[in-house]
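To start, the structure under review is shown below, and the notes come after it.
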Amino acid sequence: MFGMEFYVDPSRCIGCQSCLKACEECDTHRGVSMINFDFVDRQETIATAAYVCWHCDNPTCAQVCPADAIKKYEDGIVGSSLKPRCIACSNCVLACPFGIPKLVPQYEQMMKCDMCYDRTSAGKRPMCATVCPSQALAYVKPENIAATRREKPVNTFWFGNQKITTKVYMMAPAETTEIAIDVADYVWEGDHELVPQAF
Amino acid sequence: MAKAPADLMQLHRQFGPHLNYTPPGGWQAESQGENQRLVKTHCCFCGQQCGIQLKVRDNRVIGFEPWEDFPYNRGMLCPKGVKRYLQGSHPDRLMTPLMRSDTGFRPAAWDEALDFTARRLHELQEKYGPDSVAVYGGASLTTEKAYLLGKFARVALRTRHIDYNGRLCMVSAGTAYKAALGVDRAPNPWSDIPKAEVVMVIGANIGECAPITTDYIWRARDNGAKLIVADPRFTPIARNADLYMPVRPGTDLALLMGMLHVIFRDGLTDRAFIDAHTTGFEKTEESVAAWTPRRAAEVSGVAPEAIEKAAHLVGESRRTMFLHARGIEHQTKGVENCEAVVAIALATGNIGREGAGPVMVTGQGNGQGGREHGQKCDQLPGQRSLTDPAARAHVAGVWGISPDELPQPGYSAVEIMNAIHAGEIKGLLSICFNPLVSLPEAAFTREALERLEFFGVIDFFLSETAAHADVVLAGSLQEEEEGVTASMEARVIHIQKAVDPPGDARRDSEIICDLARRLGRGQFFPFREPREIFEELRLASRGGLADYYGITYEKIDQQKGVFWPCPTLDHPGTPRLFEGGRFFHPDGKARFMSLTWRESGDPVDADFPIYLTTGRVVSQYLSGTQTRRIGALVDQYPEPKLELHPRLAAQCGISTGDWVKITSRRADMVLQAMVVRTIRPDTVFIPYHWPDRRSANRLTHRTLDPRSKIPEFKVSACRIEKTMAPEGGR
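Same order as they appear, the protein sequences are chains E and S.
Residue numbering for the first sequence follows my numbering, beginning at 4 and increasing consecutively.
Residue numbering for the second sequence follows my numbering, beginning at 185 and increasing consecutively.
Take a look at the structure:
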């Protein structure tokens with residue numbers, strides 16, 4: 004939908020799995036849910052995390068696809084694989100640094116979140132963010148997020164010297180501008196780029 | 185004889201529960217045919233009554249679409265709401281009345297089933313007297329059905345005994361609010377929550393049992409509010425609490441009295457408010473004088489410093505909201521627990537203002553509306569007392585009978601089952617209630633049901649309880665009959681009829697009116713449509729506390745809900761009560777109460793050293809009659825598990841996945857362990873949605889709160905030991 008962006012905030016997630024259930028009610032892929040949901044470690048914590056595809060500006064999944072089956076649209080949405088092209092090789096499943104794409108055996112095809120393209124392109128919000136009771140998944144205007152949340156949206160992620168910028172934002176502590184958890188991104192080895200926190 | 189048929193396998197094959205995963209016509213059907221329409225209505229499950237649009241084609245509900253304009257949930261839904269549409273075309277759905285046969289149930293014609301029901305009720309009353317039959321109702325019924333059922337019991341059957349499954353829900357809170365504030369209703373609309381500076385949640389697993397309320401609490405936090413959570417389990421919302429208090433099951437009153445002690449000791453009271461708007465302050469002050477934080481800590485297991493901190497956070501704020509639910513209400517001192525919460529609100533002046541007030545998080549769909557128009561054993565429509573001569577005269581006048589004909593108050597839900605067990609009540613007509621799963625001590629309930637001389641049930645699925653019935657009348661789902669409900673905010677909302685009942689199933693109100701006619705009382709039940717029932721309900725409630733006179737279906741649609749009381753047609757409704765410190769007692773003042781500590785009805789000792797507490801999971805609802813039939817919801821949490829802390833698990837040599845025998849003073853059961861750090865080490869937890877050998881209520885006890893008559897589901901004593909897998913494993 005015009006002017007809206009997608010925000011993910013695991014600190015709000017209550018683990019209800021409404022997103023998971025609602026995703027499979029979406030018209031274009033009814034019966035298949037494309038939400039990535041995890042209990043972080045149920046014995047140790049109640050913490051849960053629900054994710055959609057991050058929709059990378061330069062999507063690794065598309066780069067590694069030998070069949071050219073994954074397309075990024077003009078509005079920045081990275082689609083699910085194109086059925087006539089996908090050869091179910093799982094290259095994208097292995098390559099995605101976020102672990103998003105899934106091979107769906109019964110369709111012999113990779114399927115992943117396309118941000119409810121049928122809905123968002125028709126002026127509706129994605130199913131998961133619409134129903135999410137805690138708004139851990141939220142699809143709202145950037146000015147609303149800035150005005151209402153304590154956390155700050157971040158869309159730059161580091162995966163061991165691979166810097167990725169995404170369409171979807173992660174809500175992070177206010178002082179955070181980029182997210183890096185790999186020590187490699189803090190290690191100085193000459194002239195390659197490091198995360199801002201490394202200085 | 186109301187024994188279940190011997191061949192249970194045959195019963196399960198015929199009536200389920202089977203798992204329904206796919207919409208009618210398959211996953212792709214929705215995008216195929218034409219002529220879909222969207223019906224703006226509400227979820228049939230919990231007290232939040234979220235707005236939802238049901239997608240309908242050819243008299244079948246085939247999917248849903250979020251309803252983003254409805255102000256309470258703005259499109260948000262929990263997984264139960266997302267999948268609720270799958271109950272409609274479910275293969276287990278009862279399509280015709282059923283009569284008991286030698287081997288099980290056989291389909292019957294409506295005339296036969298209704299004649300038989302009316303005849304048996306009549307025969308029992310002739311033989312044993314009018315009070316030998318009882319009626320059970322439910323809080324998932326629309327307000328019209330609940331009202332009609334109350335009238336049916338008192339006017340058609342002329343029995344004293346009608347009560348409902350809301351007796352297992354928020355009656356402790358209702359009793360406390362009525363006593364302290366003069367009315368049984370959450371005083372604040374939920375839109376007040378984000379405006380609070382402090383939100384204290386006690387005994388309410390918001391994330392799982394009222395999921396949409398999470399958003400309200402998170403918005404309060406976004407605005408800078410402090411969050412206090414008191415619960416024996418580290419619930420999903422506790423993760424973001426500024427102060428988490430791991431209260432021992434059944435000791436909330438000690439914790440609350442400790443907080444009150446600090447509030448009084450440290451002068452955190454609002455003296456001007458107390459003087460102007462309350463009475464009885466000394467009673468509460470005296471009650472808590474000995475409850476130092478140290479003593480409260482010794483009883484509750486919450487640190488004295490935490491009790492001090494909570495008291496100061498609450499007392500120093502001018503905008504504190506208190507949210508409480510079954511955790512403090514399902515106790516033999518449930519009423520006192522709620523009175524203590526209200527006392528904290530009154531003492532600190534945190535009530536009757538935007539962002540300030542105590543609210544009960546009502547659990548059942550129409551928990552609010554279902555309890556205020558006459559299916560409660562002691563109440564008449566409008567939240568009127570059945571013992572008040574003026575109330576009797578008013579309602580009798582609307583009904584066209586003499587006040588003397590109105591029966592006096594009867595037994596509450598558990599007392600009805602006790603009287604059945606004792607042989608005092610011989611016949612039961614039940615709708616929307618599955619006591620075999622939901623009442624404490626399931627073996628006792630089964631024994632009682634088997635002693636009934638006649639048992640009639642109105643339901644849409646054959647519940648575990650209905651399997652004991654002599655006759656089952658195929659009724660309607662929520663989406664099959666128009667009506668209203670009142671959400672936990674006391675927002676009266678409009679349930680739209682989306683489809684007709686399938687097959688030969690009938691609308692519930694039609695069945696009840698037809699029974700009344702066959703009992704010779706048809707002249708009092710001329711209703712053809714729910715709207716006509718609502719028109720009479722408006723008159724019956726007029727001038728009462730829950731005054732619906734100014735509410736119409738059209739007004740509800742226009743305003744997206746009307747908060748009662750709404751005394752006149754031009755009245756906008758009352759989202760917030762007690763503004764300006766005006767309470768609902770005749771003198772306009774709120775009451776402070778005496779608070780007395782006492783032990784649970786099933787105390788721990790050397791033989792039963794562990795606390796057992798029970799509750800819900802997010803993917804199931806109450807006794808599971810509906811939600812145990814929806815595949816996606818069952819998959820999310822397929823079987824009840826025993827939650828226990830690693831420290832307790834280590835003592836007993838138990839690991840996650842091990843089978844554990846849990847023994848209480850009533851019975852034992854075997855479940856798989858789920859070892860988690862999110863529960864007190866002296867407490868175990870079992871969710872209660874399942875029947876038979878998976879039923880947590882095998883273990884619970886039947887001690888009641890003396891005033892609210894609520895059972896103590898949240899506190900039992902037990903012991904645990906590792907055991908072998910039961911036959912057949914899962």
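Cβ coordinates follow ideal geometry from the N, Cα and C atoms, glycine included.
Quantities reported herein were computed from a predicted structural model and do not represent experimental measurements.
Pair within 8 Å by beta-carbon distance, residue i and residue j
i: E/Ile-38; j: E/Val-55; result: yes
i: S/Ala-540; j: S/Met-505; result: yes
i: S/Thr-397; j: S/Gly-549; result: no
i: S/Ala-460; j: S/Asp-436; result: no
i: E/His-58; j: E/Met-118; result: yes
i: S/Leu-341; j: S/Ile-717; result: no
i: S/Phe-645; j: S/Thr-809; result: yes
i: S/Val-526; j: S/Ala-650; result: no
i: S/Ala-394; j: S/Cys-353; result: no
i: S/Arg-800; j: S/Pro-430; result: no
i: E/Val-171; j: E/Ala-183; result: no
i: E/Ala-65; j: E/Cys-89; result: no
i: S/Pro-416; j: S/Thr-840; result: no
i: S/Ser-501; j: S/Val-382; result: yes
i: E/Pro-176; j: E/Glu-154; result: yes
i: S/Ile-528; j: S/Tyr-320; result: no
Chain-ordered chain E contacts of residue i [CB-CB under 9 Å]
i: S/Asn-424; result: Ser-14 and Arg-15
i: S/Phe-776; result: Near S/Phe-776 there are no residues of chain E at all, since even the closest Cβ is about 36 Å away, more than 9 Å.
i: S/Asp-399; result: Arg-15, Cys-135, Pro-136, Ser-137 and Gln-138
Interface partners of residue i on chain E, CB under 7 Å
i: S/Glu-469; result: Going along chain E, no residue has its Cβ under 7 Å from S/Glu-469, so there is no contact; the nearest lies around 38 Å.
i: S/Trp-211; result: Arg-33 and Gly-34
i: S/Val-802; result: Cys-19
i: S/Asp-406; result: Thr-151, Arg-152 and Arg-153
Below-8 Å beta-carbon distance, residue i vs any chain E residue
i: S/Cys-262; result: yes
i: S/Phe-418; result: yes
i: S/Gln-421; result: Looking at the sequence itself, residue 421 of chain S is Ile, so the reference to Gln does not match. Judged by the 8 Å Cβ criterion, S/Ile-421 is in contact with chain E.
i: S/Ile-396; result: yes
i: S/Glu-218; result: no
i: S/Trp-294; result: no
i: S/Glu-252; result: yes
i: S/Gly-935; result: The question about residue 935 of chain S has no answer, for chain S in this structure spans 185 to 914.
Proximity test, Cβ basis, 8 Å: residue i and chain S
i: E/Glu-178; result: no
i: E/Gly-34; result: yes
i: E/Gly-6; result: no
i: E/Gly-82; result: no
i: E/Gln-109; result: no
i: E/Cys-56; result: no
i: E/Gly-79; result: no
i: E/Thr-151; result: yes
Interface partners of residue i on chain E, CB under 8 Å
i: S/Lys-267; result: Lys-24
i: S/Thr-840; result: Gln-46
i: S/Gly-156; result: Limits of chain S in this structure are 185 at one end and 914 at the other, which puts residue 156 of chain S out of reach.
i: S/Arg-861; result: Gln-46, Glu-47 and Thr-48
i: S/Phe-248; result: Glu-28
i: S/Trp-402; result: Arg-15, Ser-137 and Gln-138
Environment of residue i [buried if 16+ CB atoms lie within 10 Å]
i: S/Leu-192; result: exposed
i: S/Ala-909; result: exposed
i: S/Lys-517; result: buried
i: E/Val-186; result: exposed
i: E/Leu-97; result: exposed
i: E/Lys-144; result: exposed
i: S/Met-443; result: buried
i: S/Arg-877; result: exposed
Along the region 112-142 of chain E, where does the CB come closer than 7 Å to a CB of chain S? Name the residues. Those residues of the region 112-142 of chain E that come within reach of chain S (Cβ to Cβ, closer than 7 Å) are Thr-133, Val-134, Cys-135, Pro-136, Ser-137 and Gln-138.
Residues, ordered as in the chain, of the region 810-834 of chain S that lie near chain E by beta-carbon distance below 9 Å: If the cut-off is 9 Å between Cβ atoms, the region 810-834 of chain S has Ala-816, Leu-817, Gln-820 and Pro-830 near chain E.
Give, in chain order, every residue of the region 86-97 of chain E whose Cβ lies closer than 8 Å to some Cβ of chain S. Near chain S, meaning a CB-to-CB distance below 8 Å, no residue of the region 86-97 of chain E qualifies.
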